[in-house]
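What follows is a short report on a single structure.
Numbering (the UniProt record's numbering), first residue to last: 1 to 224.
Below is the structure:
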């Protein structure tokens, strides 16, 4: 495995939020000429690149991050690219994966997309197509990580609600008005409204639709 850092001037390396980490692009291909060629093009765009010649080496060293992308050769010795893709998805990894296939290897490309690949590139890889794919993947990776942060934060805040607040929140999201909630659980309307305000404050929600989105995002089937 080798790690190199490209120049700093490319637009792709200048996220609007300066606290964001620089993109890291992983390449796995057993052909050193292909690896070197892709790495050269990406470093010219100012990207940090790590490359490997097999899936097993990548798995030993890979640590999930933000703003990352994996360029993966479909046909590798040992664990194939498709097998690695399937393994990563089964373990819950959301890293955008661009599968690199041979010319006209349509069946492999379709299978990879069904298994969760973000896109695919045909060899020989052109600079424009490569950069476009990587830019989209990096943007997607950052978006996914931000959504995951929102999901985790919402779940943590919900866990800190009292049992009574969770009960009231469920009724609010079911469409009950404060006076109906008060009658349903036997407390005053003022107390219900006080709990509602506290729930909104704790979850950082400014409206009921936003509260609904936050709560919905913590459901496993609703996570992006």
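A virtual CB, placed ideally from N, CA and C, is assigned to each residue, including glycine.
Counterpart residues of residue i in DSSP-defined beta bridges
{"i": "residue 167", "result": "Answer by DSSP bridge pairing: none, since residue 167 is not bridged."}
{"i": "residue 101", "result": "122"}
{"i": "residue 273", "result": "What is shown of the chain runs 1 to 224, which leaves residue 273 out entirely."}
{"i": "residue 215", "result": "Its beta-bridge partners do not exist; DSSP assigns none."}
{"i": "residue 36", "result": "Partner(s): none; residue 36 has no beta bridge."}
{"i": "residue 73", "result": "100"}
Distance, residue j Cα to residue i Cα
{"i": "residue 112", "j": "residue 71", "result": "12 Å"}
{"i": "residue 80", "j": "residue 158", "result": "42 Å"}
{"i": "residue 108", "j": "residue 129", "result": "19 Å"}
{"i": "residue 199", "j": "residue 182", "result": "16 Å"}
{"i": "residue 142", "j": "residue 36", "result": "26 Å"}
{"i": "residue 54", "j": "residue 77", "result": "7 Å"}
{"i": "residue 209", "j": "residue 40", "result": "47 Å"}
{"i": "residue 213", "j": "residue 203", "result": "11 Å"}
Supposed contact pair residue j and residue i - C-beta distance, whole angstroms, cut 8 Å
{"i": "residue 25", "j": "residue 52", "result": "With a Cβ gap of about 12 Å, residue 25 and residue 52 do not count as contacting."}
{"i": "residue 215", "j": "residue 173", "result": "6 Å"}
{"i": "residue 89", "j": "residue 116", "result": "4 Å"}
Any non-hydrogen atom of the ligand PLP within 6 Å of residue i CB
{"i": "residue 179", "result": "Of ligands this structure carries none, so the ligand PLP is not represented either."}
At least 3 beta-carbon pairs within less than 8 Å: the region 97 to 106 vs the region 116 to 134: yes
Inside the region 168 to 197 only - alpha helix (DSSP H) runs reaching at least 4 residues: Here the runs fully enclosed are 178 to 185.
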